[in-house]
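Trainee: Let me begin by handing over the structure; questions about it come next.
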Amino acid sequence: MKNLQYFLVISLLTFSSCKKGFLDVNTTPNNPTAVPPSVILPNITIATAFANGNDLNRAASVLIQHAAGVANQVAAYDVYNLDGAFDNQWNSEIYNGALNNMQVLIDQYSATSPAYSGIAKLQQAYLISMTTDLWGNVPYSQAGKGLLFETPRFDKQEDIYQGNSSLGIVSLFDLVKDGINDLGKPSLLLPNTVSDIVYKGDLTKWRRMGNTLLLKLAIQISNRNPALAKSTIESVLTGNNFINSNLLDYEVPFASAVGNRNPIFDFNNNLRTGDMMLSSRLLTLSRNLNDTVRLAKFFTKPTGNFVGFDNGSTAAAPALANRSKYNAYLTGTVGGEAPIRLMTFSQVNFILAESALILATPGSANTYYQAGIMSSMQKVGMTPAEITTYFTTNPTVVTLSGTTEQMRQQIITQKYISWIGNGIEAYNDYRRTGYPVLALALNASGDNPNVLPTRLPYTPAELARNPNAPNPRPKSDVKVWWAL
Amino acid sequence: MRKAMLTLLAGIVFMLTAAAQDRTITGRLVDDKGAPVAAVSVTSSDGKNGTQTDRDGKYSIVISNKAKTLTFSSVNYETTTRSIGNLGVINVSLVNANSKLEEVVVTALGIVRDKRSLGYASQSLKTDQIADRGELNVVNALQGKIAGVSITGASGAAGASTNINIRGITSFNGNNQPLFVVDGVPISNDVDRTSNSLFDSQPANRALDIDPNTVESVNVLKGPAASVLYGSRASAGAIIITTKKGSTKGGKTEIVVTSSYSNQTAVGLPKVQNDYGQGLGGVYNPLSTSSWGPRFDATPTIANGLIVGGVTQNYKAYPTNIIDFFEVGSIFDNSLVINSGDAKQNYIFSLSNANNKGILPNNSLDRTSLKFGANTVLRDKIKLGGSITFTNTLQNGIVGGNGGSALGVLAGLARSIDLTSYKTKGNYKNLDGSNNFLIPNIENPYFGANENTTKSNVYRYLGNVNVGYDITSWLNVSYRLGLDAYTDRRKQVYAVTSIRNPAGQIIENTIVRTELNGDLIVTAKKSNLFFKKFDATLILGQNVNQRKSQSVFLQGDGLAFPGFYNISNATTLTNGTFETNTTRRLLGYYGQLSLSYSNYLFLELTGRADQSSTLPKSTNTYFYPSASVGFVFTDALKIDNGFLNYGKIRGSVAKVGRDADPYQLTNVYTSAAYGNNVAAFSFPLGTTAGFGTSARIAPIKPLTPEFTTSYEGGINLGFFKNRITLDVAVFDQRSKNQIINVALAPSTGYGSKTTNIGELSNKGVEVLFTVTPVTNKNFKWDISSNYTRIRNKVLSISPGITSFSITGNAFVGSVPSIKVGEAYGVILGGVIPRSPDGKRIINPATGLYQPLIAGQVLANPNNDYSLGFTNNFSYKNVSLSVTCDFTKGGQILSFTSGLYKSRGVLAETGVDRELPRILEGVIEFPAGSGKYIPNNIQIPAQTYWQVLGGLQSEFNVYDATVFRVREVALGLDIPSTKFTGKFLKGVRFSVFARNLFYYAPNSIIDPGVNTQGAGNIRGLELQSAPNARTVGANIKITL
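Protein sequence lines, in the order shown, are assigned to chains A and B. Sequence positions in the first sequence follow my numbering and run 894 to 1377. Sequence positions in the second sequence follow my numbering and run 117 to 1155.
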């Protein structure tokens, strides 16, 4: 008995250290379990811009022949070797970066602080349009919702743009309108100059961004659903509350501090300085249009002359120091602080010019066309004198003429130049209109070496983990829905 | 040798208390050398009582008048019987039984057992198989010697970590390194990886802090049955390290001084050509990193681009420009051990220092350790002991990996580039401190090695206290408290103008880990419990474990000016700066009942229940049992026919549970960051914070513990009086309900969800085979060999998920993965499409291969089987030990090999370079017909080799079959009898070599490396340091 008592005493001594609460140590001290919307908003904005300006932009920029790939991945994209790429973009930038956090704002703040959910919806519509434009059918209505839908459906592009109530798909147009509507509701919490890095808390400017997005969405589907495109554009014109100045562009600021730099700078001027440079084909186009003053805003001339490289070429690239690479307009004067430009006033002008031309929406196509060139030249920092000189010496370039198709080619070609640095928008227009006319890259390879890719291949991780992903994936020569 | 191991019995030896009996006999048992023998069972012929000798070989037994004889039996010695008569003291000198199979081993919780009684496999190594071999990492010292264990070092760089897996991989995302236990106390063997393992300097695994000079024995517990008492922690097996103890022969003071010096050289690099230099397409190009330039006897003769003393250097070959970058390393290892005292009161003091200058510039390891331990017995009943070890480990390294690192540039360095002039400090950088190299925008290897440095400074304390109390002769209570605490202060610098961080970067990372472990163990032991020869031991225990860690990671970017590496020189401190704290606690309750009949039939039942802080309250208590049987049929059937003298069959079934990592149950937000090594962004943006949901989403259903179930069977046989022994184990392990962050479709908005899912199977065979071909008075030859064959298979993941990547850093295009139907850890990447008969398809337009099909199995790092064999020869006082190992199969993807090819540096690329090549493959002809003809399209040699040299190409996947002379040691013992004075008791000289020779028939590089070191990612060589060969000499003086 006595021995047993000893045993009990020792046991109790041990157990006394294990009183209630001993195991209650599983609350993380490392990360917050709740955060205010003011720190999520900057994240979704940067994520959208980073997705637009990073690897997708590099791929689109070489495919569209703004730039040429010299080494590594960009060189592979240049000859259409796209399979296996873009996991980081799809996974970390789009769906688990921007979209999921937009969903958090929408789910948590629609009721109490719709100013946040409204901006989230507008940016979500922009992000989804970018994603579906590049890949075609993509997860949308079931995406970004965590364990609610573990294998999100790949919504058809036509449903994403036009909606499909039987499948619960809200059209991007309705999503934008819903977002604009949210902005008008009373909101407990409001974005301010710190948390709203684009418009500094000015919700009226976000309304303009939303209406401009409607224009972009409308022109994108104009091949397929001209009626919806026309009515949308006319309604936006009537409302007259869209981006109507270079100062109102939907562009996301970056900074020159390490870690805050825009991905165009960080890639080209910091970490992969030798991978891409000016395409000699763009150089030829610019020279043909006498537009090299503007080109010099986009690309450097380290030797005093432009030094380009042909797309897909296997020849030795020019010496690194001599190459024409992205200039300060895209990379920043200090380094990295240039914004990523997502929707611009010149884009608005070109959209309205094109729709006036092909959809007979109000306004003069030529007026909008010239305003588009003008606003682009102003945006990149050409002096008024330089712009005037260009307009006076190149009347045929700056004036629409010929058949509707020829005029459309003029519009899209100018739009193409204005989008240097944002290859995705130029790539969208090219696949929609076929302009500017591009020759295949040299040494083309990929799914089909005879076709400039019409879409990006689905990414390995999504294919491996989502049984709803089309398998086998569509080849990159299959057109997306809005491309005829 | 065994003596010290047996001293571990201290905690569980039972002393007999006096009762109403007739008289007491005492005595002391010694072996043939006069050393005390512990744990000998002493029984009297009256059958009433039994006892065991203590660590000093002493016993005390109370007998009745009826007792006529005393019997002394032990597995390691021949059983001896003495008549009692009127004697009060009976001292016996036991005769050593030649019984390799019948040794005692240290099992879970430090319980010393007869090996014959175990129902599962266990293998141990003694100090002379580990120490004095020029190896500082105790894990590396096990290479080639243990069946069922796979060990691969990261590289030959000083302090680089080593991966060890026992019986394959059992957890998808958990730690698959075994639990390390030193003197009964679990310690951390973590790598504490806070850097990107693709590009870092190969930090150490913390078992490196253990000085092999202080190790008495290492016992490897392989399966769940062996390690179940350790609970979850040991579900990947356990390495039980027992350090030397204080008591000496005869209670005197013994001083051992050991000193060794060795040299290290880099081995295992591919062979190079020396006919062509820098350039492309046969044309000299000073900007090129390749050797596709003109022949050396052709023009240009002066065009190297390298200017030394104002003179442009000749365009010529520098045949040793790569290998000369590696330095002759050295290891200087000194230790002093003082033991004193007897079995009751003793102490040990040891001091050691090992200094390893690595094979890379600026790469070193310096370890100093100090230990004091003491044991005492109070009032004959209470045993009190403890030790404290202090270790300081300094590691200096240089960053490696693809691209902007010294090793990245060096891999396939152009043949005409001479680095020697850059070696001088000051030449590799410009006056303003910036990188100076003849190729712009390429990092000078010496700039990288000297300016982009990493340092780790570890202060570690290991302490333990044991107290044991014999309540009665059959009941003992003991408590053991252990502490493992260390601080690792790391600093990594990227100089301004370094290629990876041109703006410069300083990282200050402080890692603090502490582990407290307490075990209360009650042991009851009875011989002849219900009937004669039936012995029972019951152990009940309780375990309290707490592990805490903190990592403060301060990242300073954008250095204000070069050359000043204080964090205050950074202009941005917010990118990547974070703090991580973890606390986890575990309460365990366990019991073990061991029954034996007549010392030939054994049954053991074990159960453990754990309560973990990391699981939800509803599921955080979980129980797991094991059962094992052993049957020595030769004893039972009295077989000893001169041929077969020992035979045992054994079997076990065991289940072991494992809890989750801390903080898996809630969703969190993290500061957002985007991009990778080609472009990156991280919040805050100026003063604007940005947060987002973490990529991992918490479970909806409560997490439950994961379980591994193991079935094991085995046989031990001894022939010709154990001149030949065979130990075979077969096992089948299933790991289910894995707690993993299983990959989610990225479009869910999350990368993974924590859940219980998936199943992994490991089946294997282990064979240990020993032969003593010759043994006589002067000469003895022992051969010990082991064979391991493990088949691992991922049986299921989650519905809809066929594969996902292993947690860790990976390059897109060569991703170590978990894929259903494949072995764990296959590397997924792009492979060239094949024709129906398996030939690679060529693009008829280019003569090059068709675009890759992504997401295919590129390489499988799991080997077919491995063999290890050690020959020990001893002639009088001279001994020679040779350990070789052979690994069949397994694959490695080697970036270095790729660069040697694509850069035109590999020897073969210099052969017939002017002649065109044809890639091996077929062309579909006519197009679309499904018919194929052999490829006949000629391409230039440069294009050919650039195709074969694509970094992640299937052509850089090599069969890792390798034979290696792992270790050779030649020793000369001068015994004490040679010395007349009392001062010197023994001297041992030895010379040794490690990694003396290897032969890898199918690989152009030594495949015995694993760049990312200890962890679940295997089979990648990513331009790390090569392996090292160590040759040295050792002297050991015993005073």
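Don't be surprised by glycine CBs; every beta carbon is placed ideally from N, CA and C. As the structure is a prediction and not an experimental result, all values here were calculated from the model.
Note down, in chain order, every chain A residue with its Cβ under 9 angstroms from the Cβ of B/ASP496.
Mentor: Numbered from 1 along the second sequence, position 380 holds the residue referred to as residue 496 of chain B. Chain A residues near B/ASP496: none, gap ~17 angstroms exceeds 9 angstroms.
Trainee: For B/ILE423 and B/ASP534, what's the separation of their Cα atoms in angstroms?
Mentor: Taking the first residue of the second sequence as position 1, residue 423 of chain B is located at position 307. Taking the first residue of the second sequence as position 1, residue 534 of chain B is located at position 418. B/ILE423 and B/ASP534: Cα-Cα distance of roughly 10 angstroms.
Trainee: Report back the beta-carbon spacing between B/ASN1132 and B/ILE813 to the nearest angstrom; my notes put them in contact at under 8 angstroms.
Mentor: The sequence position of residue 1132 of chain B within the second sequence is 1016, counting from 1. The sequence position of residue 813 of chain B within the second sequence is 697, counting from 1. Going by Cβ atoms, the distance from B/ASN1132 to B/ILE813 rounds to 22 angstroms, so no, they are not a contact pair.
Trainee: Can you list, in chain order, the residues of its chain whose CB lies under 7 angstroms from that of B/ASN978, leaving out five sequence neighbours each side?
Mentor: Numbered from its first residue, the second sequence carries residue 978 of chain B at position 862. Same-chain partners within the cutoff: ASN908, ALA939, GLY941 and GLY1006.
Trainee: Can you tell me which of the three DSSP states B/PHE1156 falls into?
Mentor: What the structure shows of chain B is the stretch from 117 to 1155, and residue 1156 of chain B is not part of that stretch, so it cannot be assessed.
Trainee: Would B/GLN259 and B/LEU884 be called neighbours here (beta carbons separated by less than 8 angstroms)?
Mentor: Locating residue 259 of chain B in the second sequence gives position 143, where the first residue counts as 1. Locating residue 884 of chain B in the second sequence gives position 768, where the first residue counts as 1. No, the Cβ-Cβ distance between B/GLN259 and B/LEU884 is not below 8 angstroms.
Trainee: Among B/VAL1078, B/PHE1099 and B/GLY1102, which has the Cα closest to the Cα of B/GLY384?
Mentor: Here the question's residue 384 of chain B lines up with position 268 in the second sequence. Answer by Cα proximity: B/VAL1078.
Trainee: Rounded to whole angstroms, what's the CA-CA distance from A/THR1296 to B/PRO618? Just pull it up for me.
Mentor: Here residue 1296 of chain A refers to the residue found at position 403 when the first sequence is read from its first residue. Here residue 618 of chain B refers to the residue found at position 502 when the second sequence is read from its first residue. Taking the straight line joining both Cα atoms gives about 53 angstroms.
Trainee: Can you check which of these residues, A/SER1269, A/LYS1078 and A/ILE1012, is closest to A/GLY1094 by C-alpha distance?
Mentor: On the first sequence, position 201 is the one that residue 1094 of chain A refers to. That would be A/ILE1012, whose Cα lies nearest to the Cα of A/GLY1094.
Trainee: For a test of the three-state rule: what should DSSP assign to B/LEU124, helix, strand or coil?
Mentor: The residue given as residue 124 of chain B occupies position 8 in the second sequence. For B/LEU124, the predicted structure reports a pLDDT of 30, less than 50, and the residue's modelled location is therefore unreliable. The matter cannot be settled from this model.
Trainee: Could you say which of B/CYS1000, B/ALA1043 and B/GLY1014 lies nearest to B/TYR1115 if we only look at CA atoms?
Mentor: Residue 1115 of chain B sits at position 999 when you count from the first residue of the second sequence. Ranking B/CYS1000, B/ALA1043 and B/GLY1014 by Cα distance to B/TYR1115 puts B/CYS1000 first.
Trainee: So B/ASN592 packs on B/THR639, CB below 8 angstroms; how close in whole Å?
Mentor: Here residue 592 of chain B refers to the residue found at position 476 when the second sequence is read from its first residue. Here residue 639 of chain B refers to the residue found at position 523 when the second sequence is read from its first residue. Indeed, because the Cβ distance is near 5 angstroms, the residues count as touching under 8 angstroms.
Trainee: Just checking, does the stretch 713–722 of chain B make contact with the stretch 731–749 of chain B on the three C-beta pairs under 8 angstroms criterion?
Mentor: The answer is yes - the stretch 731–749 of chain B touches the stretch 713–722 of chain B, with three or more Cβ pairs under 8 angstroms.
Trainee: Determine the direct distance from the alpha carbon of B/ASN430 to that of A/SER1217, and round the result to whole angstroms.
Mentor: For the purposes of this step, residue 1217 of chain A is identified with residue 324 of the first sequence, where counting begins at 1. For the purposes of this step, residue 430 of chain B is identified with residue 314 of the second sequence, where counting begins at 1. Their Cα atoms are separated by approximately 32 angstroms.
Trainee: Report whether the distance from the Cβ of A/LYS1308 to the nearest heavy atom of the ligand ATP is below 7 angstroms.
Mentor: Of ligands this structure carries none, so the ligand ATP is not represented either.
Trainee: Suppose the cutoff is 6 angstroms on Cβ atoms and the five residues either side in sequence are ignored; what does the same chain contact list for B/ASN557 look like?
Mentor: For the purposes of this step, residue 557 of chain B is taken as the residue at position 441 of the second sequence. Cβ within range, chain order: n/a, list empty.
Trainee: Would you mind working out which of A/LEU1356, A/THR1166 and A/PHE1047 sits nearest A/ASN1364, comparing C-alpha positions?
Mentor: Mapped onto the first sequence, residue 1364 of chain A falls at position 471. The shortest Cα separation from A/ASN1364 among A/LEU1356, A/THR1166 and A/PHE1047 belongs to A/LEU1356.
Trainee: Tell me which same chain residues have a C-beta within less than 6 angstroms of the C-beta of B/ASN691, skipping the five on either side of it?
Mentor: As a first step, residue 691 of chain B is located in the second sequence; it is residue number 575 there, counting from the start. Correct list, in chain order: GLN671, ASP673 and SER798.
Trainee: If you follow the beta strand (DSSP E) that B/GLN1156 is in, where does it begin and where does it stop?
Mentor: Because chain B spans 117 through 1155 in this model, residue 1156 of chain B falls outside it and cannot be assessed.
Trainee: Hey, is the stretch 403–415 of chain B in contact with the stretch 1134–1141 of chain B, meaning 3+ C-beta pairs nearer than 8 angstroms?
Mentor: Not touching, per the Cβ criterion.
Trainee: Output yes if chain B places a C-beta closer than 8 angstroms to the C-beta of A/THR1281; else output no.
Mentor: Along the first sequence, one-based indexing puts residue 1281 of chain A at 388. No, A/THR1281 does not count as interfacial toward chain B.
Trainee: Using only the alpha-carbon positions, how far apart do B/VAL146 and B/LEU210 sit?
Mentor: By one-based count along the second sequence, residue 146 of chain B stands at place 30. By one-based count along the second sequence, residue 210 of chain B stands at place 94. Answer to the nearest angstrom: the Cα atoms are 6 angstroms apart.
Trainee: Could you check whether the Cβ of A/TYR988 sits closer than 8 angstroms to any Cβ belonging to chain B?
Mentor: The residue labelled residue 988 of chain A in the question sits at position 95 within the first sequence. Taking Cβ atoms only, chain B reaches closer than 8 angstroms to A/TYR988, which makes this a yes.
Trainee: A/ASP1071 lies in the alpha helix (DSSP H); which residues open and close that run?
Mentor: Translated into positions along the first sequence, residue 1071 of chain A becomes position 178. Per DSSP, A/ASP1071 belongs to the alpha helix (DSSP H) from 1065–1076.
Trainee: In whole angstroms, give me the CA-to-CA distance for B/GLN394 and B/GLY519.
Mentor: Sequence index remark: in the second sequence, residue 394 of chain B carries index 278 (1-based). Sequence index remark: in the second sequence, residue 519 of chain B carries index 403 (1-based). B/GLN394 and B/GLY519: Cα-Cα distance of roughly 18 angstroms.
Trainee: Residues of the stretch 968–993 of chain A in Cβ contact with chain B at a cutoff of 7 angstroms, in chain order, please.
Mentor: Of all residues in the stretch 968–993 of chain A, ASN974, ASP976, GLY977, ASP980, ASN981, TRP983, ASN984, SER985, GLU986, TYR988, ASN989, GLY990, LEU992 and ASN993 have a Cβ within less than 7 angstroms of some Cβ in chain B.
Trainee: Quick one: which chain A residues come within Cβ less than 9 angstroms of B/PRO778?
Mentor: Numbered from its first residue, the second sequence carries residue 778 of chain B at position 662. Within chain A, the residues near B/PRO778 are VAL918, ASN919 and THR921.
Trainee: Use the C-beta contact count for B/ALA274: other C-beta atoms within 10 angstroms, 16 or more gives buried, fewer gives exposed.
Mentor: Locating residue 274 of chain B in the second sequence gives position 158, counting from the first residue. B/ALA274 comes out buried.
Trainee: Would you mind telling me which residues of chain B sit closer than 7 angstroms to A/GLU1144, beta carbon to beta carbon, in chain order?
Mentor: Here residue 1144 of chain A refers to the residue found at position 251 of the first sequence. Within 7 angstroms Cβ-Cβ: nothing; A/GLU1144 doesn't reach chain B, min ~14 angstroms.
Trainee: Tell whether a beta-carbon distance below 8 angstroms holds between B/THR1156 and A/ILE1090.
Mentor: No information on residue 1156 of chain B is available, as it lies outside the stretch 117 to 1155 that chain B covers here.
Trainee: If you measure between the beta carbons of B/ASN1051 and B/GLY1037, is that distance less than 8 angstroms?
Mentor: For the purposes of this step, residue 1051 of chain B is taken as residue 935 along the second sequence, with counting starting at 1. For the purposes of this step, residue 1037 of chain B is taken as residue 921 along the second sequence, with counting starting at 1. Contact: yes.
Trainee: Of the residues that make up the stretch 564–590 of chain B, which ones have a beta carbon closer than 9 angstroms to any beta carbon in chain C?
Mentor: Absence of chain C from the displayed structure is noted, the protein chains being A and B.
Trainee: Tell me the residue span of the beta strand (DSSP E) that contains A/ILE1304.
Mentor: The count along the first sequence starts at 1 and reaches residue 1304 of chain A at position 411. From DSSP, A/ILE1304 is part of no beta strand (DSSP E) but of the alpha helix (DSSP H) over 1297–1311.
Trainee: By Cβ distance below 8 angstroms, which residues in the same chain neighbour A/THR1254 in space, the five residues on each side in sequence not counted?
Mentor: Here the question's residue 1254 of chain A lines up with position 361 in the first sequence. Excluding residues within five positions, the ones whose Cβ falls inside 8 angstroms are LYS1123, ILE1126, GLU1127, LEU1130, LEU1245 and SER1248.
Trainee: List, in chain order, every chain A residue whose beta-carbon is nearer than 8 angstroms to that of B/ASP673.
Mentor: Translated into positions along the second sequence, residue 673 of chain B becomes position 557. The contacting residues are ALA1150, VAL1151 and GLY1152.
Trainee: Would you mind working out which of B/ALA686, B/LEU225, B/ALA151 and B/SER1106 sits nearest B/LEU656, comparing C-alpha positions?
Mentor: Here residue 656 of chain B is taken as the residue at index 540 of the second sequence, counted from 1. When only C-alpha atoms are compared, the closest one is B/LEU225.
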